[in-house]
Amino acid sequence: MNTHATAMPKPGQASGDDEVFRKVKISVHARLLERLDFRAARSMPFDRLYAECSQQVDSLLGEEQCPLSLPEKQRLLTEVMDEIFGLGPLEAFLRDPLVDDILVNGPHIIYVERQGRLERTGATFRDEDHLMQVIQRIAMRVGRRVDESSPMLDARLLDGSRVNAIIRPLALDGATLSIRRFGAEPISIERLLRLGALTSEMATFLERCVASRMDILVSGGTGAGKTTLLNVLSRWIPNGQRVVTIEDAAELRLQDEHIVRLETRPPNIEGKGEVTQRDLVRNSLRMRPDRIILGEVRGGEALDMLQAMNTGHAGSMTTVHANNPRDALRRIETMVSMAGLNYPVHVIRQQIASAVNVLVHVDRMPGGRRKVVKISEITGMEGEVICLHDLFQFVQTGVGPDSHAVGYFEACGVFPMLAARLEAEGWPLPEQMFRRRVLECQTANE
């Protein structure tokens, strides 16, 4: 088995050297497990633990009468350490800062996404039992179990990465594992500008909206960058405000001083003890928050979030899965109806129109780059329709030779109605910012 993403033999095949290396690693791994004192290892500094294991591996290789070169020995030690203390062949990708997603489709097929591009790697698990051991290890770390009676797992690694696993009988071709990674440092607005995700005018407008306590809804598809943008927006919240965050799996990394972080809890083995996002939103209203940030609205908690926005918690933010801004409003409408209170449709729409001020839609473009494709203002109701005014948008004109989308950002020529409120808060908006024109955007490859 090899954890490097280089050209390798097809799954199930291996060169003679690789097969010898694999057998040596399995043998050393098993014998090292017998010698290690795991209770002492848990409290030992990593450098000392690494040195201790290195000495043991030297001794075991001598007993195996299998001399290895220094690079081979280092590779063997790394892989054995990953097997014992980490997630086996996935650890190499967890150490790679360029990897955003790790997708395991059975023991012999592992894909990763690097900088927006999905690629198959040469890494494999030995077999499905090996993959199941890693999944069980993840489950044990979060106090959960994975078996035929509970074949799905949602969890979070120590570095904040989000994990989903599903096993037989639901996964027909064998266990699968998906890991959504998050960088050690939250992405900054400066980097988003360098990447061409938006323009300086758009960033300035969003900054002033956050500072002036506008309620913001971020919409987009899976992997479009909703949470990344929400993290960026949260950095503009003035210090001294009490912020409560509510998430299914903690992904937000707010930099403010006064933060209370809440996370849902799944039911236990008996199906009891579940704490939902709706429970947490309701409880957060008793915690004297200035703002509430809901990582993603998915169900009946949409009603509680709208009511919070309408009752003294201005400046709150959330995200929703949607294909476009208008679809985002329809999804919120549907979720409010899931709360079970049987509100008439026009009442729900009035709630949305009065609660949400700004809608930001992000998308993953052809080639994998993420962009803020539209910033819209909700201006009220006309009859039964929620009125949206587009302020900024990205217009795609084609696909370049590198397979990435090409196009331009533009101001739509609409001066926002919320400008008066921003000016009253000390954040005036110059009219020329919204004059219809193409906006300059310098894109740098990273």
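Numbering (this note's numbering), first residue to last: -4 to 441. Note that CB positions come from ideal geometry on N, CA and C, so glycine has one too.
Next on the checklist: Here's a check: name, in chain order, each residue in its chain whose Cβ is nearer than 7 Å to the Cβ of L72, leaving out the five neighbours to either side.
Outcome noted: Indexing the sequence shown from 1 puts residue 72 at position 77. Excluding positions up to five away in sequence, the list reads C48, S49, V52.
Next on the checklist: Rounded to whole angstroms, what is the Cα-Cα separation between S229 and G393?
Outcome noted: Residue mapping note: residue 229 aligns to position 234 of the sequence shown, counting from 1. Residue mapping note: residue 393 aligns to position 398 of the sequence shown, counting from 1. Looking at the two C-alpha atoms, the distance is approximately 33 Å.
Checklist entry - Around the C-beta of E265, are 16 or more other C-beta atoms found within 10 angstroms, so that it is buried, or is it exposed? => result Counting from 1 along the sequence shown, the entry for residue 265 is found at position 270. Exposed: under 16 other Cβ atoms inside 10 Å.
Item to check | Where F429 falls: helix, strand or coil (DSSP) | outcome: As a position in the sequence shown, residue 429 is number 434, starting the count at 1. In the structure shown, F429 sits in a helix (DSSP, three-state: H, G or I).
Checklist entry - Whose CA, out of Q110, L82, I79, L148, lies closest to the CA of H399? => result For the purposes of this step, residue 399 is taken as residue 404 along the sequence shown, with counting starting at 1. Here the closest residue by C-alpha is Q110.
Next on the checklist: Distance check for P320 and L346, CA to CA, integer angstroms please.
Outcome noted: The count along the sequence shown starts at 1 and reaches residue 346 at position 351. The count along the sequence shown starts at 1 and reaches residue 320 at position 325. Position check: residue 346 holds Gln in this sequence, whereas Leu was assumed. Going by the C-alpha atoms only, they are around 17 Å apart.
Checklist entry - Going by C-alpha distance, which of L275, P164, R26, P102 is nearest S54? => result Here the question's residue 54 lines up with position 59 in the sequence shown. The candidate whose alpha carbon is nearest that of S54 is R26.
Checklist entry - By how many angstroms is the C-alpha of V368 removed from the C-alpha of V213? => result Counted from its first residue, the sequence shown places residue 213 at position 218. Counted from its first residue, the sequence shown places residue 368 at position 373. Roughly 11 Å separates the two Cα atoms.
Next on the checklist: Strictly by DSSP, which residues pair up with H341?
Outcome noted: The sequence position of residue 341 within the sequence shown is 346, counting from 1. Answer is none; H341 lacks a bridge partner.
Checklist entry - Can you pull the DSSP bridge partners for N100? => result Residue mapping note: residue 100 aligns to position 105 of the sequence shown, counting from 1. Answer is T171.
Next on the checklist: I need the straight-line Cα distance from S207 to N100, nearest angstrom please.
Outcome noted: Along the sequence shown, read from residue 1 onward, the residue named residue 207 stands at position 212. Along the sequence shown, read from residue 1 onward, the residue named residue 100 stands at position 105. Taking the straight line from one Cα to the other gives about 46 Å.
Checklist entry - Assuming M428 contacts F200 under a Cβ cut-off of 8 Å, what Cβ separation, rounded to an integer in Å, is found between them? => result The sequence position of residue 428 within the sequence shown is 433, counting from 1. The sequence position of residue 200 within the sequence shown is 205, counting from 1. Their Cβ separation, rounded to whole angstroms, is 7 Å, which keeps M428 and F200 in contact under 8 Å.
Next on the checklist: Taking a contact to mean a Cβ-Cβ separation below 8 Å, would you say G290 touches L324 in this structure?
Outcome noted: As a first step, residue 290 must be located in the sequence shown, where it is residue number 295. As a first step, residue 324 must be located in the sequence shown, where it is residue number 329. Result no, Cβ atoms of G290 and L324 do not sit closer than 8 Å.
Checklist entry - With 16 other CB atoms within 10 Å as the buried threshold, where does H356 fall? => result On the sequence shown, residue 356 is found 361 positions in, with the first residue counted as 1. With 16 or more other Cβ atoms within 10 Å, it is buried.
Item to check | Inter-residue spacing [alpha-carbon to alpha-carbon] between A334 and G218 | outcome: As a first step, residue 334 must be located in the sequence shown, where it is residue number 339. As a first step, residue 218 must be located in the sequence shown, where it is residue number 223. The alpha-carbon atoms of A334 and G218 are separated by roughly 27 Å.
Checklist entry - Taking Cβ positions, are F387 and A415 nearer each other than 8 Å? => result As a working note, residue 387 is residue 392 in the sequence shown. As a working note, residue 415 is residue 420 in the sequence shown. Not in contact: F387 and A415 (Cβ atoms no closer than 8 Å).
Item to check | Straight-line gap, E252 to D154 (C-alpha atoms, nearest Å) | outcome: Here residue 252 is taken as the residue at index 257 of the sequence shown, counted from 1. Here residue 154 is taken as the residue at index 159 of the sequence shown, counted from 1. Taking the straight line joining both Cα atoms gives about 21 Å.
Next on the checklist: Can you tell me whether W422 is helix, strand or coil according to DSSP?
Outcome noted: Indexing the sequence shown from 1 puts residue 422 at position 427. Assignment of W422 by DSSP, reduced to helix, strand and coil, places it in the coil class.
Checklist entry - Which same chain residues, not among the five before or five after K5, have their C-beta less than 8 Å away from its C-beta? => result Here residue 5 refers to the residue found at position 10 of the sequence shown. A caution first: K5 carries a pLDDT of 42, below 50, which makes its placement in the model unreliable, though a value can still be read off. Excluding five sequence positions before and after K5, none of the CB atoms of its chain fall closer than 8 Å to its own CB.
Checklist entry - Residues in its own chain within less than 8 Å of E67 by CB, not counting five upstream and five downstream? => result To locate residue 67, count along the sequence shown from 1; it is residue 72. Residues of the same chain with a CB within less than 8 Å of the CB of E67, apart from the 5 flanking positions on each side, are F16 in chain order.
Checklist entry - I254 and V292: beta carbons closer than 8 Å? => result Within the sequence shown, the letter at position 259 stands for residue 254. Within the sequence shown, the letter at position 297 stands for residue 292. With contacts defined by Cβ atoms closer than 8 Å, I254 and V292 do not form a contacting pair.
Checklist entry - Rounded C-beta distance between V129 and G83? I'm assuming under 8 Å. => result Residue mapping note: residue 129 aligns to position 134 of the sequence shown, counting from 1. Residue mapping note: residue 83 aligns to position 88 of the sequence shown, counting from 1. The pair is a contact, with the Cβ atoms about 5 Å apart (cut-off 8 Å).
Checklist entry - By DSSP, does C204 sit in helix, in strand, or in coil? => result Start at 1 with the first residue of the sequence shown, and residue 204 comes out as number 209. Correct three-state label for C204: helix.
Item to check | Contained alpha helix (DSSP H) runs [length at least 4] in the segment 191 to 245, N- to C-terminal order | outcome: 195 to 206, 221 to 229
Checklist entry - What residues in its chain sit with their C-beta under 7 Å from that of L434, if we drop five residues either side in the sequence? => result Here the question's residue 434 lines up with position 439 in the sequence shown. Answer for L434: T194, E196, F404, E405, A406, listed in chain order.
Next on the checklist: DSSP three-state label for L301, please.
Outcome noted: For the purposes of this step, residue 301 is taken as residue 306 along the sequence shown, with counting starting at 1. If DSSP states are grouped into helix, strand and coil, L301 belongs with the helices.
Next on the checklist: Nearest by alpha-carbon distance to D95: which of E86, P102, H103, V107 is it?
Outcome noted: Within the sequence shown, numbered from 1, the residue matching residue 95 stands at position 100. Checking every option, the nearest Cα to that of D95 belongs to V107.
Next on the checklist: What does the alpha-carbon distance come out to for the pair I21 and G310?
Outcome noted: Translated into positions along the sequence shown, residue 21 becomes position 26. Translated into positions along the sequence shown, residue 310 becomes position 315. Looking at the two C-alpha atoms, the distance is approximately 55 Å.
Item to check | Distance CB(E372)-CB(N352) smaller than 8 Å | outcome: Counted from its first residue, the sequence shown places residue 372 at position 377. Counted from its first residue, the sequence shown places residue 352 at position 357. Yes; because the gap between Cβ atoms is below 8 Å, this pair is in contact.
Checklist entry - Are D469 and R281 touching if we call contact CB-CB under 8 Å? => result An answer regarding residue 469 cannot be provided, because it is not within the stretch -4 to 441 covered by the chain.
Checklist entry - Given a threshold of 16 other Cβ atoms within 10 Å of its Cβ, counted over all protein chains shown, does A419 qualify as buried or as exposed? => result By one-based count along the sequence shown, residue 419 stands at place 424. Per the 10 Å Cβ criterion, exposed.
Next on the checklist: Taking DSSP's pairing of strands, which residues face H316 in a bridge?
Outcome noted: Within the sequence shown, the letter at position 321 stands for residue 316. DSSP output for H316 lists G215 as bridge partner(s).
Checklist entry - Thinking C-beta only, is R132 closer than 8 Å to S475? => result Residue coverage of the chain in this structure runs from -4 to 441, which leaves residue 475 outside it and unanswerable.
Checklist entry - Residues bridged to E377 by DSSP? => result On the sequence shown, residue 377 is found 382 positions in, with the first residue counted as 1. DSSP lists V380 as partners of E377.
Checklist entry - Count the other CB atoms within 10 Å of the CB of N(-3); is the residue buried (16 or more) or exposed (fewer)? => result Sequence index remark: in the sequence shown, residue -3 carries index 2 (1-based). Bear in mind that the predicted position of N(-3) carries a pLDDT of just 40, short of 50, making it too unreliable to give a figure here.
Item to check | M127 classed as buried or exposed, judged by whether at least 16 other C-beta atoms fall within 10 angstroms | outcome: Within the sequence shown, numbered from 1, the residue matching residue 127 stands at position 132. Classification for M127: buried.
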